[in-house]
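For reference, the structure discussed in these notes is given below.
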Amino acid sequence: MQNCHRCPDTSHDGTGVLVHDVSVVDAMIHFARVSNIAESGKFTAIADLAMLRVDDQDGRQWWACDGWDAAVAEVGAALGLGKREASGQLSIAVALRFRLPKVAAVFADGGVSARTVGTICWRTRLVEDPNTLAVIDAALAGALCEWAGLSRKKIERKIDGWVHKFDPAAVIKVRSAARSRGVGIGKPDDETGVASIWGALLATDAELLDRVLTEMARQVCENDPRTFGQRRADALGVLAARGDRLACQCGNPDCPAAGPDARATAVVIHVLTDSLPVPVADPLLSGDPAAPLVPTPAPPAPEPVNEPVPDREPAPEAVFTPAPAPLNNTAQTPMPDPAPAADTQSAETPTPAAAEPASDAATTAAAHVAPAPVQASAKPPAPVRTPVGYVLGGGVVPPAVLADLVARGAKVRTVASATDLGAVPRYRPSTAMDEFVRMRAMTCMFPGCDQPATNCDVDHTIPWPAGPTHPGNLSPKCRKHHLLKTFYGGPDGWSDRQQPDGTIVWTAPTGHTYTSVPESRILFPRKVTDTPLPDGPPPDAPDLDTPPAPGRGIMMPIRRRTRAQNQAQQIAYERALNQADIDEREAAREDFDRQRKERQERETAEAAQAAEPAEQQDIPPPR
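With UniProt numbering, letter number 216 in the sequence shown gets 216, and the count goes up by one each step, no holes.
This is the structure we're talking about:
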């Protein structure tokens with residue numbers, strides 16, 4: 001695009017069409033307002049759905065999967081959102097409908113963004129008195145037109161200012177720094193293969209963690225290739241794997257600090273394809289981050305004294321080339337263990353899942369830890385096929401990290417082939433079938449849900465015994481969505497239909513259909529996962545009139561307190577803390593004013609005393 005020399009405010013878009021900068025900005029403003037209006041309409045529809053689904057008088061408010069959860073499921077499926085995000089959208093919609101109608105009116109006119117509206121709903125949630133809330137709603141609605149150019153922090157301060165003016169105990173704040181502690185892992189902009197970690201700890205806990213990480217980082221020998229910071233980071237991983245020693249990576253088997261790596265041995269890699277991940281340690285995963293990605297070459301071998309070869313050219317230096325992540329999908333995928341076992345990792349341990357091998361061009365001799373010099377006449381080494389991995393419900397494990405995990409002791413298990421699994425004449429699937437079903441799906445099969453399959457229930461799509469215990473009739477569902485299907489199903493509720501490749505077609509109570517495809521089909525499209533149901537009844541299926549075995553009855557778990565009671569308790573708790581903070585500050589201010597008044601009175605008295613004339617003393621008369 002080039003500016004027009006005749007008019008500096010216009011440019012050509014490459015098609016000969018003149019574009020004026022004023023019209024471009026006008027279009028941006030117009031469509032931003034249109035977007036706000038559309039968002040308002042969406043929240044209005046969500047609020048309407050909440051009124052249809054959430055009934056606190058039908059007894060379901062005591063269910064673990066209550067009416068709110070049912071509404072969240074419909075919102076999530078329709079908008080492609082997970083449970084947490086869909087619940088947040090539902091909360092905003094309900095707040096606009098019942099708590100902040102004047103703010104909602106400004107939103108419907110396009111005068112405020114959905115982001116600002118969400119902030120208002122959150123930061124006014126502790127206001128309980130309806131009259132006070134109405135005053136705050138009107139004040140905020142009148143001030144919104146002045147907030148267009150403000151940052152999010154400034155908008156939060158504006159909202160808090162209005163809330164503090166009418167209900168100081170409802171301001172969202174912390175009574176002390178200790179209440180703000182927490183730990184978060186992972187951000188959207190994290191680079192592949194690493195995850196950020198941030199948070200705030202109690203000072204004593206932080207000091208303890210700092211000392212432990214430093215102590216563990218110093219357990220290795222001086223030849224360990226990692227920097228001190230890298231060793232501290234690895235030590236944190238060892239603690240997460242319930243280990244207490246950081247294994248040295250110097251490569252010397254006789255090193256007293258050498259040993260099994262607790263981080264790797266806590267990982268189970270499940271392989272869905274025929275090729276296995278290559279166990280090669282990658283030296284480029286450690287060392288100075290500013291150093292070039294080329295390892296120090298081995299010293300050249302001395303030329304033989306008795307048999308010199310004068311005509312041979314000197315051997316070229318070996319260059320370590322890191323293998324890039326593969327761009328194609330061909331054959332392999334290790335994934336986490338579906339269930340804890342004595343010889344595998346615990347269910348709480350993150351377990352990377354490998355994917356498919358890279359192409360020959362994408363992988364080189366990077367697998368060698370200490371490459372030896374290669375003579376010019378020697379044939380190039382065969383390329384190492386390094387796969388990429390995936391964490392169930394998480395991100396990518398780069399090929400180098402995956403190969404390094406295998407080299408350091410990660411367990412590798414091959415998942416059974418789809419053709420090797422048939423129906424079994426019982427309710428529970430075999431271990432191999434259970435593993436296959438989980439690894440095929442990788443996550444809960446409800447639309448938008450990212451719960452790892454290892455944390456899900458394996459559900460019969462057609463309930464057993466009418467439906468067989470067969471991979472073509474099994475899929476993982478998280479406990480919430482399993483309960484949703486079971487207790488909110490039927491002709492007017494949720495239902496699911498499974499296809500041979502594991503795809504689930506869900507039908508909502510409204511009749512809308514949503515398709516959930518197994519993640520392995522997306523990541524590894526060449527992998528065959530079709531498991532068509534066999535013809536005829538399930539093998540040795542019991543009589544449908546036979547009563548279920550003990551423990552087979554399904555009952556909805558019951559809450560100790562309803563969702564509304566929990567929310568009321570939380571609001572009362574936070575308001576009490578805020579009120580205590582207000583009382584403390586008020587008491588401190590009164591004490592300060594009292595001390596200042598006493599000091600002023602004392603200074604006034606001292607000044608008055610100093611201003612009084614000295615008493616006349618008896619002076620003898622002159623002689």
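Yeah, the Cβ is synthetic: ideal placement off N, Cα and C, and Gly gets one too.
These numbers were taken from a predicted model, which means no experiment stands behind them.
Nearest-angstrom beta carbon gap, residue j and residue i [assumed within contact, 8 angstroms]
| i | j | result |
| --- | --- | --- |
| residue 418 | residue 244 | The pair is not a contact, with the Cβ atoms about 42 angstroms apart (cut-off 8 angstroms). |
| residue 508 | residue 77 | 6 angstroms |
| residue 185 | residue 163 | The pair is not a contact, with the Cβ atoms about 32 angstroms apart (cut-off 8 angstroms). |
| residue 495 | residue 441 | Between residue 441 and residue 495 the Cβ distance is about 18 angstroms, and since that is not below 8 angstroms, they are no contact. |
| residue 483 | residue 64 | 6 angstroms |
| residue 62 | residue 486 | Not quite, the Cβ-Cβ distance comes to about 16 angstroms (not below 8 angstroms), so this is no contact. |
| residue 465 | residue 533 | Not really, about 14 angstroms apart at Cβ, beyond 8 angstroms. |
| residue 104 | residue 36 | Wrong, their Cβ atoms sit about 12 angstroms apart, outside the cutoff. |
| residue 220 | residue 246 | 6 angstroms |
| residue 271 | residue 415 | 6 angstroms |
Assigned exposure category for residue i - 16 Cβ within 10 Å defines buried
| i | result |
| --- | --- |
| residue 314 | Confidence at residue 314 is low in this model, with a pLDDT of 35, below 50, so the placement of that residue should be treated as unreliable; the coordinate-derived value is given next. Label assigned to residue 314: exposed. |
| residue 592 | exposed |
| residue 400 | buried |
| residue 497 | exposed |
| residue 650 | Here the chain has residues from 1 to 623 only, and residue 650 is not among them. |
| residue 427 | exposed |
| residue 197 | exposed |
| residue 345 | At residue 345, the pLDDT of 31 sits below 50, so the modelled position is not reliable; the number obtained from the coordinates is stated separately. Flag for residue 345 reads buried. |
| residue 471 | buried |
| residue 461 | buried |
| residue 608 | exposed |
| residue 610 | exposed |
| residue 566 | exposed |
| residue 595 | exposed |
| residue 431 | exposed |
| residue 600 | exposed |
| residue 573 | exposed |
| residue 224 | buried |
| residue 66 | buried |
| residue 358 | Reliability of the predicted coordinates at residue 358 is poor, the pLDDT of 34 falling under 50, and the value obtained from them is presented with this limitation in mind. With 16 or more other Cβ atoms within 10 Å, it is buried. |
| residue 20 | exposed |
| residue 133 | buried |
| residue 334 | Because residue 334 sits at a pLDDT of 35, beneath the cut-off of 50, its placement in the model cannot be relied upon, and the point is left open. |
Any chain C beta carbon closer than 8 angstroms to residue i
| i | result |
| --- | --- |
| residue 488 | The structure shown contains no chain C; it holds only a single protein chain. |
Among the options, the one whose alpha carbon lies nearest that of residue i
| i | options | result |
| --- | --- | --- |
| residue 582 | 138, 252 and 169 | 169 |
| residue 101 | 82, 239, 70 and 142 | 142 |
| residue 206 | 186, 181 and 229 | 181 |
| residue 458 | 47, 186, 196 and 478 | 478 |
| residue 456 | 473, 464 and 437 | 437 |
| residue 87 | 103, 80, 110 and 69 | 69 |
| residue 195 | 173, 432, 209 and 233 | 233 |
| residue 248 | 266, 271, 269 and 218 | 218 |
| residue 439 | 268, 164, 560 and 216 | 268 |
| residue 106 | 81, 127 and 145 | 145 |
| residue 662 | 430, 433 and 520 | In the structure as shown, the chain starts at 1 and stops at 623, and residue 662 therefore has no counterpart that could be examined. |
| residue 571 | 473, 38 and 127 | 127 |
| residue 451 | 20, 156, 61 and 81 | 81 |
| residue 501 | 516, 491 and 512 | 516 |
| residue 212 | 259, 113, 251 and 239 | 239 |
| residue 499 | 518, 112, 130 and 91 | 518 |
| residue 39 | 90, 199, 148 and 416 | 90 |
| residue 55 | 588, 575, 564 and 603 | 564 |
| residue 189 | 46, 414, 395 and 228 | 395 |
| residue 435 | 605, 424 and 454 | 454 |
| residue 172 | 183, 160 and 165 | 160 |
| residue 43 | 242, 158, 28 and 79 | 79 |
| residue 41 | 58, 27, 130 and 109 | 109 |
| residue 112 | 150, 252 and 199 | 150 |
| residue 138 | 75, 258 and 166 | 166 |
beta-carbon residue i near the ligand ZN non-hydrogen atom, thresh 7 angstroms
| i | result |
| --- | --- |
| residue 409 | This structure does not include the ligand ZN; it has no bound ligands of any sort. |
Would you call the region 443-451 in contact with the region 555-570, where contact means no fewer than 3 C-beta pairs closer than 8 angstroms?
Contact fails: fewer than three Cβ-Cβ distances are below 8 angstroms.
Mind listing, in chain order, the continuous beta strand (DSSP E) runs of no fewer than 3 residues lying wholly within the region 478-523?
495-498, 504-507 and 513-516
Check whether the region 115-126 touches the region 87-105, taking contact to mean three or more Cβ pairs, one atom from each stretch, closer than 8 angstroms.
yes
Using 8 angstroms as the threshold, is the region 23-35 in touch with the region 522-529, meaning 3 or more CB pairs across them?
no
Determine contact between the region 250-264 and the region 401-414, defined as no fewer than three beta-carbon pairs at a distance below 8 angstroms.
yes
Can you check the region 156-243 for any beta strand (DSSP E) of at least 3 residues that lies completely inside it and give the ranges in chain order?
182-185 and 197-200
Any chance you could list the beta strand (DSSP E) runs of at least 3 consecutive residues sitting entirely within the region 392-466, in chain order?
411-414 and 457-460
Go through the region 555-603 residue by residue and report every complete run of the alpha helix (DSSP H) that reaches 4 residues or more, in order.
none
My parser needs the beta strand (DSSP E) runs of 3 or more residues fully inside the region 92-139; what are they?
For the region 92-139, not a single whole beta strand (DSSP E) run of length 3 or above is found.
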